[in-house]
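With the first letter of the sequence shown counted as 1, position 895 gets the number 1042 in the numbering used here; the numbers rise by one all the way through. Accompanying notes for the structure given below.
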Amino acid sequence: MEQDLQEISKKLAAVYEGRTRETNHGVQENLGLLCAVKGKDWGWHRGFLPFLPDKSRIRVFFIDYGFFECVDIEDVHRLPDGFDSIPFMAFPCSLGDVDEEVKARQLSFLKSGLLGSVLDVEIRDFEEKEHLYTVTINNPEGKAVEKAEPILKTKRDFAAEDLTSHNSYLYLETIIRETFLKTLGIEEMTEGAAFVGYVTFAQNPERFWIRTQNRNDEFEELMSNMVDHFREVKMDDDVLVNPQLGTLCCAMYEEDLHFYRALVISQLLHGCEVLFIDFGNIEKVPHNLIKKIPRALADPPAFAFCCSLDNVIPLDDVWTTTMCESFRKTVSGKALRVQVVQMRKSTFVVDLYEMGDGAQSIAEFISSKHDGFWSSVPNKPAEVEVSEEQEDKTCKNTGKAAFKSLNIKPGCQLAVCCSCVASPSDFWCLSFDRARALAKLMTKMQLYYSTHTVPLLPEDSCCVVKSPRDEVWYRAAITDRQQARCVLALVDYGYSVQMEEHHLQGILPEFLHLERQAFRCSLSRLIEPAEPVSVGGWSSKVCKLLKELLHDKNSLRCIVVSQWNIKNRGSCNVVELYSNKYQQSITSFLLEQGLAREATFSILPMSSEFPESFVYSSFDLGPGSKEEVFVTHIINQGEIYCHLERNIDVIEKLEMKIVEETRKRTPGDSDAAVRNLCLAKYFDGLWYRGFVHAVQSAVHLGVFFVDYGNSVISEKSNVARISGGCADLLHTPMQALRFRLASVPREELYADVSQWLSETVLHRQLTARVLAPMEDGSFDVELFDGDASINEKVRELVASLLPKTKPLLSLPGQNKTNLGPLSTGTTSQTQRGGGVCAMERPEEERSVPLSSLPDIEVTEGFRTSCFMSHIDSLSSFFLQRADDEPAILKMVEDLNSDALRGSLRRVSPTSLQTVGLYCAAKAEDGDFYRAKVVEVVDEKHIQVFFVDYGSTEVVYRSHILALPREFKMLPCLALKCTLAGVKPKAGEWSHRASEYFRHAVLNAAVNVHVADKHNGDLAVWLTLDKAKGEKDVGALMCMAGFAEKAELTRRPQDGTNALCSRGAAPTTPRTKSRPPIAKATRNVQDTKVTVDLDQKPTEHQQPTSCCQD
């Protein structure tokens, strides 16, 4: 066999050795899977290509030897005819299942074989599915390999046999990762950090190395010490003999003949391939120029770390020599301002800027200079308003938090009011569903900023501003700064204002949790002016009429049709507005009045605007509609995508248009392309419309086929952007409609049911009866195959897979009887043993009744300090002990840590109990807290009580998870109290009294004296510890005229604290801030109370938002 291998190598060398590297700059288009490859022994061998090339290198499997190597693309060629018929010389083997003693002896034989002995191998079995031979290695009995010309003469260190399974490329990545982590530990850099640095080596914009200016002096000192050390070392001294992979050493760089620190990453015949860790370049160095490194020189972590430029990638997946050289010239030999965007494994994703104010980013510079780059860096606006994406990016680049955006997509249906109307092509809407949350936020902001001042930092772009028009504090984004004046966008209302910078205040993190509530909308691309005043302009008459039409804030329904990005405005939602008052859409009304005409589509001016989505259409479906449909994709047992039978002609015309577009496009087509809208090739070889998104692989993209509903991961070569001139492809509505099968449970998903749907209804014509449109653009439907109900069949299947025991909670639409599997032959999961029996639930799902939790014992007459956690009224509020605060904060941090949060399990419907303790996510901040189920509101919502805070909230069923056992042993840390010594004047506490009480005690430590205890509720006296002396809260309420004194049996005396806990709670202090404190369940809507602890309160009008209900 050795002779055969030598013969193959010689023949391949005769074919390809004469070719120069210049004649093969890339992988040939018709290379195929089998290839001829030049290995590191400089010999030619047969190879297999299982992977795509990574820039200038490619990973190859040597089929006659059984290992991988990473080689240059220039050394890979098409395998000549005739060589593919020769059998593979190497075959995969396994020792099989043997005991440890036999295994150890077999491994010793195997190692001797690796070192040159001839092995006597007995084949015992063959696994056909995995194509794997099970062998037994017999004693080689000292047989040695006869000396012959070596085929692959690489001096690999076979003592490190655990590394031989990895190719040099993967091992290089491991080395870089370890070096990167050591450097990261001393640099202390995080996402959002900014620093000044130098590019030490640049391979291309996706792989270059940077050294920070902060460690420059340390670097120069190390280089000086290295020169001094090796000045005394002779050529043959301190040579590193037989270097191992990953060994730290000093190697000579051939360009300047100086020694530098390096890591051995690959072994060659006469030397090693090393990575210079303080610079980033990889070089081949002879053995005698690789030296041992002194301890003093080895200690400092690497000075350079690997980086990748954010948002810049080559269109054709290849960095040309011209591009790389231009990038090197741009970044080399100068100090640069570096902004860390993301940390990805062993690489920092960064933005680079030249030094100086207003300097252009390197990404924008190289993207504008070379047509070969594709950059997704957004254009910065020149006018007042900016897009949400630009604003978020600005905040991210400065390391500051940003306002989150609402998750609005085409097809969304919202009840809205319009806050700011300029014209039919530019107005702002707010969702009524979020109006209550916005009102609460605004109230909190007024209370806080009326008594506090938060300085605005120079780099802040998110702030709070008090409007001089109504004296109300608003959240705002700074869109422009000129000298001492700032242009602000009020993110919750859409207005833009100009203010002096000294009027602005910084924004607290708790006021950033709620998304920006205003979203920009337009009727353009549905209608256009009948008689435009200017190009695309609307007359003042139409604008005034529109303001009157949109003034009715309680009767507007908004459907998002598509999304566009408009220069100097940012993201804009094209919407259809429906008015209940006029019983028609706003666009129809304007068309009937002759003030508008239907929009016409033309070639897009891509420099000023481009679509960010395809067009959504409901195709006039409504409750009671009956349609013939074709099922195109099964999402799960309760959701599918369908075509309408009446749209088949449209779909066929669309496919013909796609064929025409793909035929006329060429690889060098330079038409302006829409960013995320594409044509993608499916497995059948045909092209379809799709929406692309990035994935982790640099050579792939995720594609969602908008006309069919399925998604794939596709090579970039199979994705083509749609040019701005393809109006038909951009404006024809998406043909796949998302249907939800009514009354089909979706809490637990079953693969068997989805498989049955795929086999039964996929690509078949069925009848769909629409029950109701959903808020996300989908439809609740009943599906029929003739007279047979698909919904009913699916419900029966799901019921057959549910646990057979009676559930503790009865869900709407849940089938309580076991109907058994359908006649299709599907076997019940419970019958197969795959189900989870309700009597043997995992321990995390077994609820602990609150009565079994350890209690906080309270006796009459104790004194302690507490914080107010929640207020319903003066007769019902909750306190947290100040001593318990560290335990509460640690509990919250542990519950929401990455390590624990990913392991939290969902609670099955059959295990949910109203007597148990779980963890539930608050809508306000998304964090999980311990909670008790109060009641089941409906199929999707549960009312919970947060036992450590006292507040009650309705959350999604999916936001309730099983509580880990260790958190079930802690007592409930919120004490339910009532104010002692006073009673309301009018028989019950008024709203103003509750507000006054809340203002007095919220966000302040109060001294608590227990007066009485009844059924677990505490009657307490509260005093505020002010600089002027203690102030009794009950006395303040009486002075303010809200209360009068009430008799109590006795008042406790100062003395020993009688509050103790049987539960051992952790007390480690944490840096996490206290969770937001819930306000009273009933808020004052008409008045606002200002609290002065020495005077009675005064009243003035409270600002209200346009959406306040």
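Think of the CB as a built atom: it goes at the ideal place given N, C-alpha and C, for glycine as much as any other residue.
In whole angstroms, what is the alpha-carbon distance linking residue i and residue j?
i: Phe830; j: Thr914; result: 29 Å
i: Leu703; j: Ala562; result: 6 Å
i: Lys381; j: Ile437; result: 12 Å
i: Gly278; j: Leu826; result: The sequence as given places His at residue 278; Gly does not occur at that position. Using only the alpha carbons, I get a separation of about 39 Å.
i: Thr477; j: Glu338; result: 24 Å
i: Lys804; j: Cys873; result: 9 Å
i: Leu692; j: Val644; result: 24 Å
i: Lys1123; j: Ser1023; result: 7 Å
i: Ser614; j: Leu594; result: 15 Å
i: Gly1008; j: Thr1170; result: 15 Å
i: Ile513; j: Ser473; result: 8 Å
i: Asn372; j: Tyr400; result: 17 Å
i: Gly924; j: Thr747; result: 25 Å
i: Thr1099; j: Gln1090; result: 7 Å
i: Asp385; j: His847; result: 47 Å
i: Asn554; j: Val707; result: 12 Å
i: Ser735; j: Thr879; result: 20 Å
i: Gly1210; j: Lys1115; result: Caution applies to Gly1210, whose pLDDT of 33 falls short of 50 and renders its modelled position unreliable; the value that the coordinates give is listed next. Answer to the nearest angstrom: the Cα atoms are 10 Å apart.
i: Arg942; j: Glu786; result: 13 Å
i: Val788; j: Thr779; result: Per the sequence shown, the amino acid found at residue 788 is Tyr instead of Val. Rounded to the nearest angstrom, the two C-alpha atoms are 6 Å apart.
Where does residue i sit, in a helix, a strand or coil, going by DSSP?
i: Asp607; result: coil
i: Leu955; result: A caution first: Leu955 carries a pLDDT of 34, below 50, which makes its placement in the model too unreliable to give a value.
i: Gln652; result: strand
i: Gln902; result: helix
i: Phe327; result: helix
i: Ala549; result: coil
i: Glu1191; result: strand
i: Leu661; result: coil
i: Met370; result: helix
i: Cys789; result: strand
i: Arg442; result: helix
i: Ile782; result: strand
i: Arg911; result: coil
i: His1017; result: strand
Less than 8 Å between the CB atoms is what I'm expecting for residue i and residue j, so what's the real figure, rounded?
i: Val1039; j: Asp1074; result: 6 Å
i: Met336; j: Val487; result: 6 Å
i: Val374; j: Ser479; result: Actually they are not in contact, since the Cβ atoms of Val374 and Ser479 sit about 23 Å apart, beyond 8 Å.
i: Val611; j: Met592; result: 7 Å
i: Lys828; j: Arg916; result: That belief does not hold up - the Cβ atoms of Lys828 and Arg916 are roughly 36 Å apart, past 8 Å.
Quick check on this structure: which residue in the options has the alpha carbon closest to the alpha carbon of residue i?
i: Glu1259; options: Val708, Cys1119, Val891, Cys419; result: Nothing about residue 1259 can be read from this structure; the chain reaches only from 148 to 1256.
i: Asn458; options: Arg893, Tyr212, Gln489; result: Gln489
i: Glu775; options: Arg887, Asp854, Gly933, Gly741; result: Gly933
i: Lys276; options: Val268, Ser686, Pro239; result: Pro239
i: Trp1136; options: Val421, Phe377, Leu1021, Leu254; result: Leu1021
i: Lys481; options: Gly503, Gln253, Thr468, Lys439; result: Gly503
i: Ile284; options: Cys609, Lys773, Leu242; result: Leu242
i: Arg716; options: Leu266, Phe757, Asn727; result: Phe757
i: Ala743; options: Arg822, Ser572, Asn794; result: Ser572
i: Asn351; options: Ile674, Thr1011, Cys453; result: Cys453
i: Gly641; options: Gln391, Arg622, Gln652, Ile654; result: Arg622
Taking 8 Å as the CB-CB cut-off, is residue i touching chain C?
i: Ile412; result: Looking at the structure shown, chain C is missing, and only one protein chain is on hand.
* Determine, using beta-carbon pairs with one atom in the stretch 682–699 and one in the stretch 588–600, whether at least three such pairs fall under 8 Å. => no
* Please determine if the stretch 860–872 and the stretch 897–914 are in contact, where contact requires at least 3 C-beta pairs separated by less than 8 Å. => no
* Asked: Below 8 Å, can you find three or more Cβ-Cβ pairs linking the stretch 655–668 to the stretch 566–583?
  -> yes
* Indicate whether the contact test is met: 3 or more Cβ pairs, each with one atom in the stretch 385–399 and one in the stretch 353–370, closer than 8 Å. => no
* **Cβ pair count under 8 Å reaching 3, the stretch 323–333 against the stretch 446–458** => yes
* Asked: Counting pairs of beta carbons, one from the stretch 1113–1128 and one from the stretch 1154–1170, are three or more of them closer than 8 Å?
  -> In short, these stretches touch, since the Cβ pair count reaches three.
* To do: Decide yes or no for the touch test of the stretch 1141–1149 against the stretch 1182–1193: beta carbon pairs closer than 8 Å, at least 3 of them.
  => yes
* Is the stretch 218–227 close to the stretch 185–194, with three or more CB pairs under 8 Å? -> yes
* Cβ contact check for the stretch 890–898 and the stretch 855–862: 3 or more pairs under 8 Å -> no
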